[in-house]
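S.K.: For what it's worth, my numbering labels the leading residue of the sequence shown as 155, then goes sequentially.
For glycine and all other residues, C-beta sits at the position ideal for the given N, C-alpha and C.
The structure under discussion is supplied below as structure tokens; questions concerning it will follow.
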Amino acid sequence: MSILEVLMIVCFGVAWPINLYNSFKSKSTKGKNLLFMSFIVLAYVFGILNKLFVSVDAAVYFYILNEAMVLADYILYFVNRHREIQNGICKNYYNVYR
155 MSILEVLMIV
165 CFGVAWPINL
175 YNSFKSKSTK
185 GKNLLFMSFI
195 VLAYVFGILN
205 KLFVSVDAAV
215 YFYILNEAMV
225 LADYILYFVN
235 RHREIQNGIC
245 KNYYNVYR
């Protein structure tokens, strides 16, 4: 594990809770992109697999923690979108007709 990898994980580790808080507080999916979040989830899966099979070190736990925060935001997207559908803001989980 290099210092640059540590800095990357720390930056993402700080950014995701802020993102989660904003999603929770706004109760909106405005500005969210499900495809983008899906690629982030996939990227963390690849990072975790690399840590498990290629270079095992303690960083894998931070990758898993960050992945959990992204997945929580992913779930929060659907919770917020459901609320928007009920309020007539959106017609389905993917399209917005504001």
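Examine chain D for any beta-carbon lying closer than 7 Å to the beta-carbon of Gly185, and answer yes or no.
M.R.: The chain labelled as chain D is not found in the depicted structure, where only one protein chain is given.
S.K.: Within its chain, find whatever has a CB closer than 8 Å to the CB of Ser217; leave out the 5 residues flanking it on each side and keep chain order.
M.R.: Note that residue 217 is Tyr in the sequence shown, not Ser. So the qualifying residues of the chain are Ile163, Tyr198, Gly201, Ile202, Lys205.
S.K.: Does the segment 239–246 touch the segment 216–230, meaning 3 or more C-beta pairs lie closer than 8 Å?
M.R.: no
S.K.: Could you give the distance in angstroms between the alpha-carbon of Phe166 and the alpha-carbon of Phe190?
M.R.: 15 Å
S.K.: Which residue from Glu159, Leu174, Met155, Leu161 puts its Cα closest to that of Arg222?
M.R.: Looking at the sequence shown, residue 222 is not Arg but Ala. Ranking Glu159, Leu174, Met155, Leu161 by Cα distance to Ala222 puts Leu174 first.
S.K.: Going straight from the alpha carbon of Phe178 to that of His236, what length do you get?
M.R.: 13 Å
S.K.: Per DSSP, what kind of secondary structure is Asn187 in: helix, strand or coil?
M.R.: Shown here, Asn187 sits in coil according to DSSP, grouped into three states, outside any helix or strand.
S.K.: I'd like to know whether the C-beta atoms of Ser182 and Asn234 end up nearer to each other than 7 Å.
M.R.: yes
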